[in-house]
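Residue numbers (this note's numbering), protein chains in the order written: chain L, 2 to 226; chain D, 2 to 727; chain R, -1 to 76; chain C, -1 to 76.
Below you'll find the structure, written out as structure tokens, and then a few comments.
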Amino acid sequence: MKFGVIRFPGSCDEVDAQLACQRVGEAVILWHGDRDLQGVDAVVVPGGFSYGDYLRVGAIARFAPVMEEVARFARAGGIVLGICNGFQVLCEAGLLPGALLPNTSLKFIFRQVQLEVVSAASPFTGACAAGDRLSIPVKHTTGRFYAPADQLDALEANDQVLLRYAAGHNPNGSLRDIAGVCNEARNVFGLMPHPEHAVDPFTGPTGGLPIFESIRAHVAEHALV
Amino acid sequence: MAHATPAQATARHRELGLTDSEYRLIVDGLRREPSDTELAMLSLMWSEHCAYKHSKKLLRRLPTEGRHVLMGPGENAGVVDVGGGLGVAFKVESHNHPSAVEPFQGAATGVGGILRDVFAVGARPIAVLDSLRFGEIAESERSRYLLDRAVAGIGHYGNSIGVPTVGGEIYFESSYEQNCLVNAMCLGLAPHERLIRAAAAGPGNVLVLFGALTGRDGIGGASVLASAELGDGDEAKRPSVQIGDPFAEKKLLECCLELLDSDLLVSLQDLGAAGLTSSASEMAAKGGVGLDIDCSRVPLREAGLEPFEIMVSESQERMLCVVEPDRVDAVIAVCERWETLATPIGTVNDSGRLRVLSGGEVAADLPVGILVDDCPLYDLQPAEPGPTDAALYPPPTAVLRGGESPAETLVALLGSANIASRRPVFEQYDPVVQSRTVRRPDDADAAVLSLGPDPTLPAIAVSIDGNGRRVACDPRRGAAEAVYECAANLACVGAAPLGLTNCLNFGNPEKPHVAWQLVEAVEGIATACRELDVPVVGGNVSLYNEAPTGPIFPTPVIGMVGRLPDPTRAGRLAFETDGDAIAIIGGFAPARAGSELAKLCGEAIAGPLPALDGAAAREAHATVRALVNSGALRSAHDIAEGGVAVALAECCIAGGVGATVELPAGVDLFAEAPGRAFIVSGPEAALTGQTVIGRVGGEALAIGSELRVAIAELEAARSGGLAPFV
Amino acid sequence: MMRARVLVKPKAGILDPQGQAVERALPALGFTGVRNVHVGRLIELDVEDPGRLPEMCQRLLTNPLIEDYEILETESVR
Amino acid sequence: MMRARVLVKPKAGILDPQGQAVERALPALGFTGVRNVHVGRLIELDVEDPGRLPEMCQRLLTNPLIEDYEILETESVR
Ligand SMILES: Nc1ncnc2c1ncn2[C@@H]1O[C@H](COP(=O)(O)OP(=O)(O)O)[C@@H](O)[C@H]1O
Ligand SMILES: [Mg+2]
Chain L
2 MKFGVIRFPG SCDEVDAQLA CQRVGEAVIL WHGDRDLQGV DAVVVPGGFS
52 YGDYLRVGAI ARFAPVMEEV ARFARAGGIV LGICNGFQVL CEAGLLPGAL
102 LPNTSLKFIF RQVQLEVVSA ASPFTGACAA GDRLSIPVKH TTGRFYAPAD
152 QLDALEANDQ VLLRYAAGHN PNGSLRDIAG VCNEARNVFG LMPHPEHAVD
202 PFTGPTGGLP IFESIRAHVA EHALV
Chain D
2 MAHATPAQAT ARHRELGLTD SEYRLIVDGL RREPSDTELA MLSLMWSEHC
52 AYKHSKKLLR RLPTEGRHVL MGPGENAGVV DVGGGLGVAF KVESHNHPSA
102 VEPFQGAATG VGGILRDVFA VGARPIAVLD SLRFGEIAES ERSRYLLDRA
152 VAGIGHYGNS IGVPTVGGEI YFESSYEQNC LVNAMCLGLA PHERLIRAAA
202 AGPGNVLVLF GALTGRDGIG GASVLASAEL GDGDEAKRPS VQIGDPFAEK
252 KLLECCLELL DSDLLVSLQD LGAAGLTSSA SEMAAKGGVG LDIDCSRVPL
302 REAGLEPFEI MVSESQERML CVVEPDRVDA VIAVCERWET LATPIGTVND
352 SGRLRVLSGG EVAADLPVGI LVDDCPLYDL QPAEPGPTDA ALYPPPTAVL
402 RGGESPAETL VALLGSANIA SRRPVFEQYD PVVQSRTVRR PDDADAAVLS
452 LGPDPTLPAI AVSIDGNGRR VACDPRRGAA EAVYECAANL ACVGAAPLGL
502 TNCLNFGNPE KPHVAWQLVE AVEGIATACR ELDVPVVGGN VSLYNEAPTG
552 PIFPTPVIGM VGRLPDPTRA GRLAFETDGD AIAIIGGFAP ARAGSELAKL
602 CGEAIAGPLP ALDGAAAREA HATVRALVNS GALRSAHDIA EGGVAVALAE
652 CCIAGGVGAT VELPAGVDLF AEAPGRAFIV SGPEAALTGQ TVIGRVGGEA
702 LAIGSELRVA IAELEAARSG GLAPFV
Chain R
-1 MMRARVLVKP KAGILDPQGQ AVERALPALG FTGVRNVHVG RLIELDVEDP
49 GRLPEMCQRL LTNPLIEDYE ILETESVR
Chain C
-1 MMRARVLVKP KAGILDPQGQ AVERALPALG FTGVRNVHVG RLIELDVEDP
49 GRLPEMCQRL LTNPLIEDYE ILETESVR
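So this is what it looks like as structure tokens:
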């Protein structure tokens, strides 16, 4: 399969994401100014500080030409994964519910956290089982997931919360320990932790690998039908 | 040219930090009075910060030759060969005074500056380390504020630009109360063919300025400031604070690397202290050419800057390059792709002069030599303080009464600001971006970075160290120890040194005792480098770190880079497996002088430090390195601050497992002799022939009959030392 | 050209740690009797057509889910 | 109690990366004719003694080295 990883001015983790994707498939970099998604099977909106995070995280990046295509791709059911800043961009773009607010500590935090898989019923967690623990690092200043209470209830009712911070591991004050959510159609997923930084036994734990494997498996399946 | 009358000029040259005799040299050299613009340019180029007038002669004593050296001191960063056609560029630099004025922006722009030095030689920055000094954290509100903001600023810049901060060090001593130190080190990676020098060349070629707009940032700032003591009446000297823009620098970085990969540049140089003036004149001097600059072409952030302001502005995130005329359009196109403004502002010629034009006006016309080479170099007047002289530094406040049990002492040491866990600090830094980080902070004594996804490639290791209190006690041995401790840290992960960089942070060199500290420290570093066969490939000097209350501790900060053949075997410091044997490697005759315990007991700042047997230490390093590379060990940790007891405790805490040991007779638990000896653990068989002192296992650290403390208690003490203040 | 100011503040009811941090820090400096501190964003800009400000606010300058805004005042500038 | 608003913005002449980023973004969204964009902070607070606001601004709410402030308006709140 073929992943496309977007590069905005100020993206930092796009090469890391590309390396992670390449463990399970092919991966190309997509330039923010281009409208051509090069026929990829899945799009990754990577971490970093697109446009310096100025004004409001993700606020400016969402208007990049490539994002119009990503929105169209998503509406057509295409697989879109947003990591950290990518999650923020997808929320700002209205492709995912909620918003990300400054950590309650008001500080940047890097920490290896334990995540709990809440739902395996998605293209992003299919290779896991509900209840699995994944060790993945977080690194952000603005990662506190927020949505109004009724929306949170709806997210949980629809099984859209795919990952939570395990008890005692919530690094940023996210409501209901939410670490990652998908849209109603379940083809767009955003999370604050960085799975691409947890794929190589050589540099640390590998809790991020199942996410990329899930995507590969899902795409393979649907290629058959 | 507007010429100042001698009277005005003399008044002005003093304000600009030039002595009367220096000014006379200028007038004699030019055979006329300098114009205002020329005077501004010369005063900065002749400042301590740019001209190294009190340190240049001394620095010649440092060995700079080595078989791995690709670029030595003099370029924006030193470069060593790591094999595989790759070079590692690295340099450490201080941003002490700006950080004392505005810690967040000062520290942030310090990181921005050292990153530019590294990509200016064509290397992609792959790691940052920071070396910080503040006053006593428990006693000083201001030091807590400086720590908080400086760390936030370093994180802000490094995290945002996507370069991992993989290590560093922090010490708290009252001598830094009014002069904090913020040193930042950066490493970069480049294929040999992408390495580029700053020398301008090719009359007719075009000088292109690219990056941020030019504003009134740090006018007469860093340079003048860095040459004067901070203290009362400091307000006047405050530059307009420079704001760092990591987003602009990220684009600038990618832009520079693309320009170099497409082979579009003749030479490249960053703009730092003294802005365009120093960058342009250095480029011209290195290339033996002349430059014409039309400062009216320099794109401005605000209207109405005068030529002298444009020439000395220290606006951040700017670079200067020399381009062949027919490639200028291609260069501008690449810059546009990276949303980076590029403007031709001048041309190369063979006049050997730097001419500054402003529209039709000639604002400055100086021989490059007078800017770069003619500043007088001063001889230091070192004098060792005699026994009868008043102590240079007051003794630290005692926090231990003496008479504590060894267990109480160990717990106190682990919780002390200089030894406690740095986690609250390094958790504010991203250590993993770029997917190279094989050993993160607290995994091991040195950070380990892979050179690429292919695990058969060698890896590099880096460590930064410099204990100012020990240097204050005994400048020569203290400085040598810092070099040995870096090498020891590298040995712990299995790396052999390739080269080092250093930042000499000292007080006022015109004072005999400070001059003595400086000379002794440099001798110590030079000797250690020769003994360890590690060349000095770059560095930085920060003098006049002195307040009315006196000088800072003499603080040479050493950053060392090494190579390890097999990253999959990189060492760790944590004890791991019950039943493993624990051995002490290295001749070890530690002393109490200069130790953390001496400090906690309020003992005077006094030496001598224990003698340093270079041959023995080198052999210990080699033994540990070989054992780590053979994959035989489970852990290796050097014995540094807090002595053998603290080293053992750190190994236990990191592994969450206890140990039971018997120390060789006569080894003091807490005495120190950094850089000479190690605690290692591994299967019995791996350690035959070594001095085995005990076993890994249990819930507590037990040292003979002297102490027994639960790991949980040690962990609580170590993690609680800094946390309340960050 | 009109000079305009947009004041952006966290929606009522959403935790505002910045405001809390300020509120906590003040007494230590001897500033008592301060309450309900909230920290938001100020955006100043010159616009040709102030009529488009609300649209700018909704599309870029603010995130309606988490922020309220107020277009404060506009005075003409040359 | 008085309700007060403090507007904090980058000192004139000091680099304002945020303002620049917004200014560059707007045209792409079809918002032309916008200039001199600056991004700062808004602090809202209830104070018993508004007379102490200037001191609060200088000591805690702003960084006088790089920021200017304006105490905008105060109205009494119960
Ligand atoms: N200012 C800092 N920034 C980043 N990492 C740091 C800093 N200070 C300490 N560390 C990391 O914390 C760990 C322990 O620091 P330290 O005790 O100073 O190590 P050492 O004793 O070997 O010099 C090391 O991994 C070091 O790199
Ligand atoms: Mg060490």
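In this text, a Cβ means the ideal position worked out from N, Cα and C, and glycines have one as well.
Just so it is clear, the structure is predicted and the values come from calculations on it, not from any experiment.
Item	Value
Could one say the Cβ of R22/C lies closer than 9 Å to chain R's Cβ atoms, at least one of them?	no
With 16 other CB atoms within 10 Å as the buried threshold, where does L59/R fall?	buried
Against chain D, does K108/L count as a neighbour if the rule is that its beta carbon must be under 9 Å from one of theirs?	yes
If contacts are defined as beta-carbon pairs under 8 Å, then L533/D and V484/D qualify, I think. What distance do you get, rounded to the angstrom?	7 Å
In whole angstroms, give me the CA-to-CA distance for Q23/L and S279/D.	45 Å
Less than 8 Å between C-beta atoms, sequence neighbours within five positions excluded: which residues of the same chain meet that for Q18/C?	V35
Return no unless some Cβ of chain L is closer than 9 Å to the Cβ of Q382/D.	no
Just checking: is the beta-carbon of V7/L within a distance shorter than 9 Å of some beta-carbon in chain C?	A quick correction: the sequence has Ile, not Val, at residue 7/L. Not an interface residue.
Sort out for me which residues DSSP pairs V138/L with in a bridge.	Reading off the sequence, residue 138/L comes out as Pro, not Val. In DSSP, P138/L forms a bridge with Q113/L.
If you reduce the DSSP assignment to three classes, tell me which class D29/D lands in.	helix
Which value, in whole angstroms, describes the spacing of the CA atoms of I755/D and R477/D?	Residue 755/D lies beyond the stretch modelled for chain D, which goes from 2 to 727, so this question has no answer here.
If we cut at 9 Å on Cβ distances, does T457/D have a partner in chain L?	no
Any idea what DSSP makes of A399/D, helix, strand or coil?	coil
Give, in chain order, every residue of the region 104 to 127 of chain D whose Cβ lies closer than 7 Å to some Cβ of chain E.	The structure shown contains no chain E; its protein chains are L, D, R and C.
Rounded to the nearest angstrom, what separates L182/D and R626/D at their Cα positions?	32 Å
Interface residues of chain L around V369/D at Cβ under 9 Å?	Within 9 Å Cβ-Cβ: nothing; V369/D doesn't reach chain L, min ~37 Å.
Just to confirm the assignment: which complete alpha helix (DSSP H) runs, minimum length 4, are found wholly within the region 66 to 131 of chain D?	97 to 102 and 104 to 120
Nearest to D677/D by alpha carbon, out of V363/D, V122/D and A492/D?	Per the sequence presented here, residue 677/D reads as Arg, with Asp not at that position. Of the listed residues, the one whose Cα sits closest to R677/D is A492/D.
Taking the beta strand (DSSP E) that I559/D belongs to, which residues open and close that run?	T556 to L565
Return the residue from the list R57/R, L43/R and F29/R that minimises the CA-CA distance to E46/C.	F29/R
Taking just the CA atoms, how far does G608/D sit from V388/D?	The amino acid at residue 388/D is misidentified as Val; the sequence shows Pro. When rounded, the distance between both Cα atoms is 12 Å.
May I ask which residues mark the beginning and end of the beta strand (DSSP E) holding E68/R?	E65 to S74
Quick check on the burial criterion: 16 or more other C-beta atoms within 10 angstroms. Buried or exposed for K57/D?	exposed
Please confirm if D235/D has its CB atom under 9 Å from at least one CB of chain L.	Reliability of the predicted coordinates at D235/D is poor, the pLDDT of 41 falling under 50, and no value is obtained from them.
Please classify V83/D as buried or exposed, where buried requires at least 16 other C-beta atoms within 10 Å of its C-beta.	buried
Could you please tell me which residues of the region 43 to 62 of chain C, in chain order, have their CB closer than 8 Å to any CB of chain R?	L43, D44, V45, E46, D47, R50, E53, M54, R57, L58 and L59
Going by DSSP, what residue range makes up the beta strand (DSSP E) through R709/D?	L708 to A711
Measuring straight from C-alpha to C-alpha, what distance separates E255/D and N509/D?	40 Å
Counting only beta-carbon separations shorter than 9 Å, does K7/C have a partner in chain R?	yes
Under 8 Å Cβ to Cβ from L452/D, same chain only, skipping five residues before and after it: list those, please.	V83, G85, L87, L190, R437, L458, P459, A460 and I461
Spatial neighbours of R239/D within its chain, please: C-beta separation below 7 Å, excluding the five flanking residues on both sides.	Because R239/D sits at a pLDDT of 36, beneath the cut-off of 50, its placement in the model cannot be relied upon, and the following sentence gives the value as read from the coordinates. Here the set comprises V102.
Which term fits A18/L, buried or exposed, when burial requires 16 or more other beta carbons within 10 angstroms of its beta carbon?	buried
Under the assumption that Y52/L contacts A62/L (Cβ atoms under 8 Å), give the Cβ distance between them as a whole number of angstroms.	6 Å
Could you check if G169/D is buried or exposed, using at least 16 other CB atoms within 10 Å of its CB as the buried criterion?	buried
Starting from the beta carbon of G53/L, find every residue of chain C whose beta carbon is closer than 9 Å, and list them in chain order.	P15, Q16 and A19
Within the 9 Å Cβ cut-off, does R41/C reach chain R?	Note on identity: in this sequence residue 41/C is Ile, with Arg being the wrong assignment. Closer than 9 Å to some Cβ of chain R, the Cβ of I41/C qualifies, so yes.
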